[in-house]
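Going line by line, the protein sequences match chains A and B.
Taking my numbering as reference, the numbering of the first sequence is continuous, increasing by one, and the terminal residue is 896.
Taking my numbering as reference, the numbering of the second sequence is continuous, increasing by one, and the terminal residue is 1017.
Yeah, the Cβ is synthetic: ideal placement off N, Cα and C, and Gly gets one too.
All of these numbers come straight from a predicted model, not from anything done at the bench.
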Amino acid sequence: MMPSYVIILVIVCYLALLFALGIWADKRARSKWVHNPWVYSLSLAVYCSAWTYYGSVGIAATSGVSFLTTYLGPVIALPLWYIIMRRVVTISKQYQVSSIADFISLRYGNDRSIGALVTVICVVAVVPYISLQLKAVSETFDILSASKESASIVTDSTFYIAVLLAVFAALFGTQTADASRRRSGLMFTVAVESLLKLVFFIIIGVYATFYLFDGTSDLYNQVSALEDFEQLTTFSNMEASINWYFMIALSFFAIFLLPRQFHASVVENTDVNHLKKASWVFPLYLLLFNVFVIFIAWAGKLVLSKDLNPDYYTLYLPLEHGHKVLGLMVFLGGLSSVISMVVISALALSTMISNNLIIPYGFLKVLNKRNPVANVKSIKKIRRVAIFILILGAYFFYINFNVQLSLFSIGLIAFVVIAQLAPAFFIGLFWNRGNAFAVKMGIFAGSIITFYTLALPFITDVFLQDSLFVEQGPAGITLLKPHMLFGLDFMPPVTHAFFWSMVFNLMFYLIFSVARKGNYRERNYAELVVNASSYGDMQENAFVWRGEAYVSEIRKALVKFLGDKRTTRALDIFYRKYGLDPKEEKADARLVNFSEKLLTGSIGAASAKLVISSVVKEQPVTLPEVLKILEENKETISTNKQLQQQAYELQRLSNSLKIANQSLIEQDKQKDEFLDTVAHELKTPTASIRAASEILADNDDMPDALKQKFLNNIVADADRLGIIISNILDLEKLSSGREIMDKKPHQLNNTLTKAIDGTYQLALKKEIAITINCVENLVLYYDEDRMLQVFTNLLSNSIKFVAAQGGSIVVNVIEQENDVLLSFSDNGKGVPQEDMKYIFDKFYQSNNQTIRKPLGSGMGLAISKHIVDGHNGHIAIDKQFKDGARFYVTLKKNGL
Amino acid sequence: MKKILIVDDEPNIVMSLEFAFQKQGYEVFIARDGSEALALINNNIPDLIILDIMMPQVDGYETIKQVKANPAFAKAKIIFLSAKSKPDDIEKGLSLGADAYFTKPFSVKSLTTAVDNLINN
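The following block contains the structure:
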């Protein structure tokens, strides 16, 4: 078929590629390529191991639809998964949880023995599961290379693959001692592998269905002719369907509890919001993965010979047809699922072994005596050794039990063992009575049942070749037959074991939880987890502790594991957060809790508790006290929050007052300026009148002609005063909004003509030509007196600014859809650019303190603007017009 | 004959002042804003300037600065005659070197008396 060395070369290249990818992603942990919900969702597909990739086809070929349970469970569970995981992830982040063992032991008061128990359960379940993966690699390798199984380790390629995987896991998984830190590079490679295995699997599915056969209906027609078809596609009886439901429940638990699943979904979660996308992407992934399973199985049944292992139909199908490259691709897809499963499982287990088994049981003493650098090294070393032992242990398990292992059954046994954690995990999340003792009892009971019903028959069968035990029960007691316990005879062994172990586990858990009360510490943590949402904000305040502790002692303990730099930085943050005095010698509950959390990432929750309790003198607190203190702390926090809220409100209020005050000051200033302008406007004609009157009074002998001139001046200035005063009153009336426009239909043409007539004398004097271009009978609604004021003002301004002789003023009227646009253009000197902004401002003159504008123009435009606004129109100056001044007036056609 | 320059853009006020000073025996020149005034004094250096502040184009402040900057006009006395009447305005006018500050409306008699005093001392 294919030479071994080529395959090995491909494997090495593939691993090197993944390795490079991991390093690349590690450096870009924060970039949008690595840190996004898609990577997270895909990394959850670490769930699909070789069991999925190869095993489901085997099951589909031999037992029909039951392969679906493993995937239907998670798909059905996902809405619930989202709700539960949101809580679990939030708590885990807060308490630096680094594994499922850590999480469960945290919930039950950082109980050391629970952490250890969970770790043991996980190891027992997962090591055979890993060996299953190695088996898959080994067998597919053999199929691909068509070699016989190797006799010794030295020549067995599987051994080298196992070592490679261990190296890969150790290198990527144990870079820091803090196991709760994320490993972005590793998870990125897992996501990529998930994508590859899916794509490869779909390709082979399409190949089998559409290349080897003419689509799904062709396959169906052919396979339905086989004799065992009925049995493959329907539930034969009641028992089978019950079995189906139990299997779904089993895989439902697995999605939460499998160490690699917990690791990918909780420990490596970088953002709680990623859960949202994962809750539909992941089920979709599983569905896609299963679309072709049944068709590949059928195709295999139809095309391949009966003595080939149906687990590997995906591989045989292309190889039997001479498509070697396709076969290699299938192999790489399978390898991908193996790599991600083995690496993540080994990593999760190694953390559990170091943090929950080795460090809290004995090794802590060693660590306590040494310096932080050596400690970090030791912790990493423990994990690395654990990874190697786990993977190689799995390898030897595989070597010894090779024959008995079927991909599907070992996977299910692992699920049953892991399911023993379910009551402690799920009920513990929602029920605060569950306590540590009950957990231990439940798990023990469940494990014993599992051992008796699943492992013991296996052992007696394999080692003693004794089938009597299974067939007749121990010493012939039929009620204790391991596969038909208490007479339950209609379930297959795995379902049967799952059922009874769960019954006993759950029963013991509930009974002892109700019968016994946990100690105050358990109760404290139970509260924290069960009511996570209400204690979430309290952080260190949610922890009840009483006793005597010294900061210096705690500090010393922290330094030992974290090093001086990290400890100082962490404590700095802590002191700043709570506004505490760093010189205070006595430590309070918050510091004790904070320190425990700090250590949890590195050495696990149980060890952290041990380390801290060794340097503090703790006094027990009674249960009611715990609840009381918790309640008090909660109230204090909510009071603080209220105060903060009030302070914020006050701040907001004072800000808005400040703004209001500022605008009042501004208005006051504007009023002053207005008065100033008014006074100034009035002063000039008054001064003129006064001077002329004084002269007339003192000079009786003045010639009559001159006297008349002075008198005329006085009359003109008095008129001017009158105009100014009425302008001021007008402006005030208009700007206060009291003036209501008397809108009636008028011909625009007529009004414009009237305006020109009014300025005719002035225009004539300067010999200015005024032209109007307006259609007749254009009727608009407006207050004619007011509009006349606007037009007159614009015209007289223009007359003022154009040169005598040669000056011209043009008024154009353009009809638009809803408006009428009037433009007043002249060829005068125009309005200076810097004044354009203020030209419609009633304080216009006072803004240019010393350069006087021609009298009246300041107020005239302001008045015009108010009038046009009062008609819902618009007045503006054309800023681009360079040949003079051009004003636009827009009026609504409907006059509203 | 002593020369007086009246700088103001209000023709009616200018007319009254022209009459009053001519009656006092001064030769009167008239400018409608600062630029006219500055053009005019080069040929006829006045003994006294009556200066408005708010005028189109070159204002009174700019005018007094230019006059004071030229030593040729050192002898010319300057009186501000303005509608700007706030203490700040008066202080600013005097600080620029004006000899007196009259606010509008004003008494013609007081102004002519002040002019007489300034010119004769």
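- Less than 8 Å divides the Cβ of A:Val223 from the Cβ of A:Lys301.
- Among the CB atoms of chain B, one or more fall inside 8 Å of the CB of A:Asn713.
- Here B:Ile926 is not near B:Ile909, since their CB atoms are 8 Å or more apart.
- Nearest neighbour of A:Val813 by Cα position, chosen from A:Ala755, A:Leu795, A:Thr890 and A:Val343, turns out to be A:Thr890.
- Look at B:Lys961: its C-beta is not under 8 Å from any C-beta on chain A.
- Taking C-beta separations shorter than 8 Å and ignoring five residues to either side along the sequence, the partners of B:Leu936 in its chain run Leu901, Phe925 and Ala927, following chain order.
- Beta-bridge analysis with DSSP links A:His746 to A:Leu780.
- Interface annotation, A:Ile728: not in contact with chain B, CB-CB separation never under 8 Å.
- Judged by their CB atoms, A:Gly442 and A:Ser98 are not nearer to each other than the 8 Å cut-off.
- In this structure, A:Phe801 is the residue among A:His874, A:Tyr520, A:Phe801 and A:Ser447 with its C-alpha nearest to the C-alpha of B:Pro952.
- A contact is defined here as three or more CB-CB pairs under 8 Å, and the segment 106-119 of chain A fails this definition with respect to the segment 309-316 of chain A.
- Rounded to the nearest angstrom, the Cβ distance from B:Lys899 to B:Asp943 is 5 Å, consistent with a contact under 8 Å.
- Cβ neighbours of A:Ala587 within its own chain (closer than 6 Å, five residues either side excluded): Ala549, Val551 and Ile554.
- DSSP, reduced to helix, strand and coil, places B:Val1011 within a helical segment of the structure shown.
- Interface annotation, A:Ile725: not in contact with chain B, CB-CB separation never under 8 Å.
- The beta carbon of A:Asn773 sits closer than 6 Å to those of Asn812, all from its chain and outside the five residues before and after it, given in chain order.
- A:Arg590 counts as buried, since no fewer than 16 other beta carbons sit within 10 angstroms of its beta carbon.
- Between A:Asp826 and A:Ile809 the beta-carbon gap is near 5 Å, inside 8 Å, which marks them as a contact.
- For A:Tyr550, the three-state secondary structure derived from DSSP is strand.
- For B:Pro1001, the chain A residues whose Cβ falls inside 7 Å of its Cβ are Lys683, Thr686, Ala687 and Arg690, in order along the chain.
- Around the beta carbon of A:Phe499, a 10 Å sphere encloses 16 or more other beta carbons of the protein chains shown; the residue is thus reported as buried.
- Per the DSSP secondary-structure output, A:Ala769 pairs in a beta bridge with A:Ser808.
- In this structure, A:Ala885 keeps its C-beta atom at 8 Å or more from the C-beta atom of A:Gly806.
- According to DSSP, A:Leu891 shares a beta bridge with A:Val820.
- Look at B:Lys964: its C-beta is not under 8 Å from any C-beta on chain A.
- Exclusion of the five residues before and after A:Tyr578 leaves Arg590 as the residues of its chain whose Cβ lies within less than 7 Å of its Cβ.
- Listed by position along chain B, the residues whose Cβ is nearer than 8 Å to that of A:Asp572 form an empty set, because the closest Cβ is around 56 Å away.
- By the Cβ-count criterion, A:Cys13 is exposed, with fewer than 16 other Cβ atoms from all chains shown falling within 10 Å of its own Cβ.
- Taken atom to atom, the span from the alpha-carbon of A:Pro3 to that of A:Ser145 is near 6 Å.
- For the C-beta of A:His680, the chain B residues within less than 7 Å are, from N- to C-terminus, Ala979.
- The three-state reading of DSSP puts A:Val775 in coil, since its state is none of H, G, I, E or B.
- Separation of A:Ile573 and A:Ile612 (C-alpha to C-alpha, rounded to the nearest whole angstrom) is 19 Å.
- Using a Cβ-Cβ cut-off of 8 Å, A:Asp700 does not count as an interface residue toward chain B, since no Cβ of chain B sits closer than that to its own.
- DSSP links A:Ala876 through a beta bridge to A:Tyr888.
- In the structure shown, the three-state DSSP call for A:Ile121 is helix.
- Rounded to the nearest whole angstrom, the C-alpha separation of A:Asn699 and B:Thr999 is 23 Å.
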